[in-house]
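Data first, discussion second: the structure below is written as structure tokens.
Residue numbers (this note's numbering): 28 to 386.
See below:
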């Protein structure tokens, strides 16, 4: 592809994904032949606790199961501070075109909530997807989680810290697979005042998905762009290493050359698919896991482990304590781990900064 066109399309992708003035660029190219959308369905009482469902039509690939199509719940990024499900119509359409029922929730963000409020919302949305799967031709026993950037952080906490799903009467074994795109999974210490409020000091260790890996996680597909300067791809590598060391052999990792942070999910859009086969790879992962009947029996023993977590977190207190209070924790220096950078300015656009998460 000519360098000029490469630059133009990548620029359009970044603008569209940021919710800026060009937010409709990728969505404008979507064909509506292979899906129908149900918009603005409530999964909770808060204004942002709403979701859209993308249902494959007869023009989409047929399902191979008499129980219905796989359900994919996708969570977008936005520095835990912004974002809109409407900006990701192209993701819902792409998933539906592959024969999956796609669920795209909004969730509460800072300053309306702090950690773990947005993870609580995500768990509630997943429960809604399971409970309503049959209404859209979906299979409630084949639920997949997918997230990009901050959304990948959120889905990975659902997959590693069983307390969130347990609060919704679910468990890790109810999840057939997880797809993390450019996710921050191991990003302490913090170096930004807003992020220090979003992740209050007493709960920071509990905000890191890597800290909860114990070997009972669902199958995972972890993707990163080699040109990502927003979220360090090392987050993906460190999580994969921890999963494998814990006995989770069912982990796929792929690094895409010439791909940055926004383009990793932007490649779901038709005009940008030539940049990276992210949609093909994610779809292949979902198909493989959805058709793996043996996987469904893997979790009966794990169902009793939904409350598992490092004992040090239990000693510090329940991770859900922020449901009852606004997080305004004063941060002092001295956190230990990887790194996260300061967000850039911009209304509804993706935030940027430096090493662990420039998000």
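Heads up, the beta-carbon is just placed ideally off N, CA and C, and yes, glycines get one too.
By DSSP, does residue i sit in helix, in strand, or in coil?
i: residue 175; result: strand
i: residue 57; result: coil
i: residue 141; result: coil
i: residue 205; result: strand
i: residue 293; result: helix
i: residue 182; result: helix
i: residue 249; result: strand
i: residue 67; result: strand
i: residue 148; result: helix
i: residue 305; result: helix
i: residue 279; result: strand
i: residue 210; result: coil
i: residue 261; result: helix
i: residue 226; result: coil
For residue i and residue j, which I take to be in contact (beta-carbon distance under 8 Å), what is that distance rounded to the nearest angstrom?
i: residue 124; j: residue 163; result: Between residue 163 and residue 124 the Cβ distance is about 15 Å, and since that is not below 8 Å, they are no contact.
i: residue 236; j: residue 282; result: Not confirmed; about 19 Å, so no contact.
i: residue 291; j: residue 250; result: 6 Å
i: residue 198; j: residue 242; result: About 15 Å; that fails the 8 Å criterion.
i: residue 270; j: residue 240; result: 6 Å
i: residue 185; j: residue 146; result: 7 Å
i: residue 295; j: residue 225; result: Between residue 225 and residue 295 the Cβ distance is about 27 Å, and since that is not below 8 Å, they are no contact.
Check this for me: beta carbons of residue i and residue j, under 8 Å apart or not?
i: residue 246; j: residue 293; result: no
i: residue 183; j: residue 210; result: yes
i: residue 96; j: residue 188; result: no
i: residue 206; j: residue 173; result: yes
i: residue 177; j: residue 106; result: yes
i: residue 119; j: residue 70; result: no
i: residue 218; j: residue 103; result: no
i: residue 116; j: residue 54; result: yes
i: residue 297; j: residue 64; result: no
i: residue 262; j: residue 312; result: no
i: residue 112; j: residue 158; result: no
i: residue 244; j: residue 275; result: yes
i: residue 153; j: residue 100; result: yes
In its own chain, which residues sit with a C-beta less than 8 Å from the C-beta of residue i, not counting the 5 before and 5 after it?
i: residue 75; result: 133, 134, 135, 136, 139, 148
i: residue 160; result: 95, 98, 128, 166, 167, 170
i: residue 253; result: 260, 282, 283, 284, 285, 286
i: residue 151; result: 70, 71, 76, 195
i: residue 86; result: 60, 61
i: residue 321; result: Because the pLDDT at residue 321 is just 39, under 50, the model does not fix this residue reliably, and the value given afterwards should be weighed accordingly. Nothing meets the Cβ criterion.
Bridge partners for residue i per DSSP, in chain order?
i: residue 132; result: 78
i: residue 231; result: In DSSP, residue 231 forms no bridge with anything.
i: residue 98; result: 128, 170
Excluding the 5 residues flanking residue i on each side, which residues of the same chain have their C-beta closer than 6 Å to its C-beta?
i: residue 266; result: 212, 237
i: residue 310; result: 125
i: residue 208; result: 175, 179, 250, 291, 292
i: residue 155; result: 70
i: residue 110; result: 103
i: residue 67; result: 77
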